[in-house]
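In my numbering, each number is its position in the sequence shown, counted from 1, plus 223.
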Amino acid sequence: MKDFRRSSGGTARTVTHIRAAQEVLALTARLVPLRQLPPRHLPFRRGLVALGALTAAALLLSSCDGDGPDPGARADRGPAVVAPGRPGEPARTLSPGEAVKEAGNDSPNSADFRYARMMIAHHEQAVVLTSLVPDRASSATVKALSARIAAGQRPEIGAMQGWLTNNGGDGREEAHDHSTMPGMATEAQLERLRAAEGEAFDALFLRLMITHHQGAVTMAAEALSDGNNVQIEEMATDVIAQQTVEIDRMRSLLD
Numbered sequence: 224m225k226d227f228r229r230s231s232g233g234t235a236r237t238v239t240h241i242r243a244a245q246e247v248l249a250l251t252a253r254l255v256p257l258r259q260l261p262p263r264h265l266p267f268r269r270g271l272v273a274l275g276a277l278t279a280a281a282l283l284l285s286s287c288d289g290d291g292p293d294p295g296a297r298a299d300r301g302p303a304v305v306a307p308g309r310p311g312e313p314a315r316t317l318s319p320g321e322a323v324k325e326a327g328n329d330s331p332n333s334a335d336f337r338y339a340r341m342m343i344a345h346h347e348q349a350v351v352l353t354s355l356v357p358d359r360a361s362s363a364t365v366k367a368l369s370a371r372i373a374a375g376q377r378p379e380i381g382a383m384q385g386w387l388t389n390n391g392g393d394g395r396e397e398a399h400d401h402s403t404m405p406g407m408a409t410e411a412q413l414e415r416l417r418a419a420e421g422e423a424f425d426a427l428f429l430r431l432m433i434t435h436h437q438g439a440v441t442m443a444a445e446a447l448s449d450g451n452n453v454q455i456e457e458m459a460t461d462v463i464a465q466q467t468v469e470i471d472r473m474r475s476l477l478d
């Protein structure tokens with residue numbers, strides 16, 4: 224009877240470890256979305272995939288040692304996991320338990336909040352730029368492109384405001400000079416755009432919006448590098464993918 228109880232306990236622990244391994248792999252899939260990322264971020268994302276796989280393997284291997292006399296010691300005995308550092312940071316060696324906690328922690332940090340607050344203001348200026356198009360542009364293609372930009376960025380503003388509300392942010396970037404954000408048009412540039420019409424307006428609008436989009440891509444890349452929250456990562460990834468396509472389209476219209 225004693226051996227049967229030990230076997231039953233070992234089986235239960237094995238099932239628990241298998242389930243934990245499955246959860247780690249599922250979490251890794253969520254943390255590493257199958258979307259286009261800038262090349263400089265791919266090593267970090269691939270490292271997270273490897274971290275998830277190694278952690279799952281460690282849990283499964285530890286389940287095979289389920290009948291030892293000291294369950295607490297067994298929990299710390301699995302293979303060490305090397306966690307990749309973010310760009311510019313060294314890798315770290317974690318125990319299987321530490322690796323699970325590391326993979327599951329996506330609490331927002333200051334970079335996440337900064338990105339959401341600043342990108343709201345950045346998107347709001349893009350909406351202002353597009354609002355000038357209907358009455359001033361001569362190109363139907365520019366008008367259609369502008370409408371798509373506005374239609375894409377308005378919901379993103381709402382999503383970031385909602386994220387801030389859900390995570391305890393107030394949506395304001397206090398005492399921050401928005402003109403210093405990458406790609407922001409100056410007031411003088413806005414005045415020139417308001418005064419322009421026809422083809423001159425089209426060309427100036429495209430140049431300003433290309434610069435504006437490039438700034439947004441820069442900010443999104445910084446969020447991917449420095450942030451920690453999965454939702455912010457997904458929003459930043461979307462910005463990079465969408466606005467890179469729009470930059471290419473606007474450049475083609477200027478050629």
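Even glycine gets a Cβ: it sits at the ideal position worked out from N, Cα and C.
Compare the Cα-Cα distances from residue i to each of the options and report the closest residue.
i	options	result
MET407	PHE424, GLY391 and VAL440	VAL440
THR403	MET341, ALA363, ASN328 and ARG371	MET341
THR460	TYR338, VAL350 and LEU413	TYR338
THR353	GLU347, SER369 and ILE343	SER369
HIS345	GLY392, ILE372 and ASN452	ILE372
HIS435	ASP329, GLN466 and ASN332	GLN466
GLU347	SER448, ALA411 and GLN384	GLN384
THR409	MET442, ALA349 and GLY375	ALA349
LEU431	VAL351, ALA444 and ALA464	VAL351
Let me check one thing: in DSSP terms, what residues is residue i bridge-paired to?
i	result
THR409	Paired residue(s): none; THR409 is not in a bridge.
Where residue i and residue j are concerned, what is the direct C-alpha to C-alpha distance, given to the nearest angstrom?
i	j	result
GLU457	VAL468	17 Å
LEU387	ILE380	11 Å
ARG377	SER318	44 Å
GLU422	ASP358	12 Å
ASP471	ASN390	34 Å
LEU416	ARG474	18 Å
ALA363	ASN452	39 Å
LEU413	GLY438	16 Å
PRO195	SER361	One cannot answer for residue 195 here, as it falls past the ends of the chain, which runs 224 to 478.
GLY392	ALA411	32 Å
Going by the CB atoms, is the gap between residue j and residue i shorter than 7 Å?
i	j	result
GLY450	ALA367	no
ASP425	VAL365	yes
ILE433	ALA446	no
LEU355	LEU429	no
ALA418	LEU427	no
What residue ranges within the region 399-477 form continuous alpha helix (DSSP H) runs of no fewer than 4 residues, ordered along the chain? 410-418, 421-449 and 453-477
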